[in-house]
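Counting from 1, position 45 in the sequence shown corresponds to residue 843 in the working numbering; the numbering is continuous, with no gaps.
From the three backbone atoms N, C-alpha and C, an ideal C-beta is built for every residue, glycine too.
None of these values were measured; they are calculated from a predicted model.
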Amino acid sequence: MQLDKTNMVIRERGLLEILDLALHLIRAHAMHLLAAFCLGVLPFALVNAWLLNFPSYYEAEDWYLLYTFWTLALVLLEMPIAGALTTLYLGQTLFLAKPDWRALHRDFWKSLPQLLLYQGVIRTILLMPVITSFLPYASWAYLSEIILLERNPLRAKRDGISTWRRSKLLHGSNVGDIFVRWIGIAMIAALQVMGMMIALFIVKVWLTSLPDLGRLHYAIFLNLAVWSTAFFATVARFLCYLDLRIRREGWEVELRMRAEAVRMAGALS
């Protein structure tokens, strides 16, 4: 692996350019990315189907609104862990031509305890009150990427840096810009979900000639639309994380310097 020879140009990008690059990445690595994402999503999708299928709840008059609300809420809570394998795969595609699935799964299981603590327990607590619900999307929007790709310890040793400290250093004074980007992605995601729901309904009508939308079809369409949007958002968030490191830390320069240091060490040995 050569640190200065990446499979993607490392430079600053605006939000629209990042979203466009996310589409190109998905097209270039469609099968592997979908496989990684489906592996992460499947357990959560099964749990959600069980949670939202109680008879008394299913028979409620406002079932559509309740089902939509709870599906969106659950997916928002589950996204960081469900998309972890996808993020790890994207990290590999920067430097490797072929993914190492064994290393990918090993890194996932090593990172899982911190993911469950920060993105499972603490994030859920912060999202529940209105006054703190914005914090996971502004103060530590890229905590998952830090946990998965940088793999700092939960508690730092004397000469090290902890995950929480690393998050504070990376996000720093960029909270406003990060939050604005999140709002932009959230608006695009909402439009994407609605667009996919309409498209799936049109296909259903075209195939069956039945203009009604039963609860089973609605549940399937909504989950397909929401998880597909979460897939795209995971790729876009990874690229936003890279962009933040480039703008705040000069990451492209760091890669060149580290690559040159490796070459010099090899030449001297």
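6 Å Cβ shell around residue i - same chain, five flanking residues per side excluded
| i | result |
| --- | --- |
| Ser965 | Trp938, Leu941, Ile944 |
| Gln990 | Thr1027 |
| Val807 | none |
| Pro878 | Gln917, Ser942 |
| Val1060 | At Val1060 the pLDDT is 49, less than 50, meaning the model places this residue with poor confidence and gives no usable figure here. |
| Asp905 | Leu886 |
Cα-Cα separation between residue i and residue j, rounded to whole angstroms
| i | j | result |
| --- | --- | --- |
| Arg809 | Asp1041 | 7 Å |
| Leu874 | Trp907 | 21 Å |
| Leu1022 | Lys955 | 44 Å |
| Leu968 | Ile1044 | 11 Å |
| Ala820 | Val1033 | 6 Å |
| Val1003 | Gly1012 | 12 Å |
| Asn950 | Asp975 | 25 Å |
| Ile824 | Val928 | 34 Å |
| Leu1008 | Gly993 | 20 Å |
| Arg963 | Cys1038 | 20 Å |
| Ala988 | Arg1035 | 16 Å |
| Tyr865 | Ile986 | 21 Å |
| Asp860 | Asn851 | 14 Å |
| Pro911 | Thr1006 | 47 Å |
| Leu894 | Leu837 | 21 Å |
| Val839 | Ala901 | 19 Å |
| Gly970 | Asp1010 | 51 Å |
| Thr885 | Leu946 | 8 Å |
| Val919 | Thr891 | 30 Å |
Expected contact under 8 Å - CB spacing of residue i and residue j to nearest Å
| i | j | result |
| --- | --- | --- |
| Gly889 | Phe835 | At roughly 14 Å, the Cβ-Cβ gap does not stay under 8 Å, so Gly889 and Phe835 are not in contact. |
| Leu913 | Leu924 | Between Leu924 and Leu913 the Cβ distance is about 15 Å, and since that is not below 8 Å, they are no contact. |
| His822 | Tyr887 | Rounded, the Cβ-Cβ distance is 15 Å, inconsistent with contact. |
| Arg921 | Asn972 | Actually they do not touch by this definition, with Cβ atoms about 19 Å apart. |
Pick from the options that is closest to residue i, judged by C-alpha positions
| i | options | result |
| --- | --- | --- |
| His1015 | Trp1004, Phe1030, Ser1007, Phe999 | Phe999 |
| Ala984 | Asp1010, Thr922, Leu1022, Phe1030 | Phe1030 |
| Ser909 | Ile923, Gly812, Glu948, Pro934 | Glu948 |
| Ala826 | Met994, Leu883, Pro878, Lys896 | Lys896 |
| Leu849 | Gly958, Ala833, Arg963, Ala1017 | Ala1017 |
| Phe1019 | Gly1048, Asn851, Ile996, Asp957 | Ile996 |
| Glu876 | Asp905, Asn846, Trp899 | Asn846 |
Cβ-based neighbour list, residue i, same chain, cut-off 7 Å, excluding 5 preceding and 5 following
| i | result |
| --- | --- |
| Tyr935 | Phe977, Trp980 |
| Leu813 | Arg979, Gly982 |
| Arg953 | Ser960 |
| Ala1065 | Only weak support is given to the placement of Ala1065: the predicted model assigns it a pLDDT of 46, under 50, and the question is left unresolved by the model. |
Same chain, Cβ closer than 8 Å to residue i, neighbours up to 5 away in sequence not counted
| i | result |
| --- | --- |
| Val1024 | Thr869, Leu870, Val873, Val991 |
| Leu832 | Phe1029 |
| Ser931 | Leu924, Leu925 |
| Gly1083 | With the chain covering 799 to 1067 only, the question about residue 1083 has no answer from this structure. |
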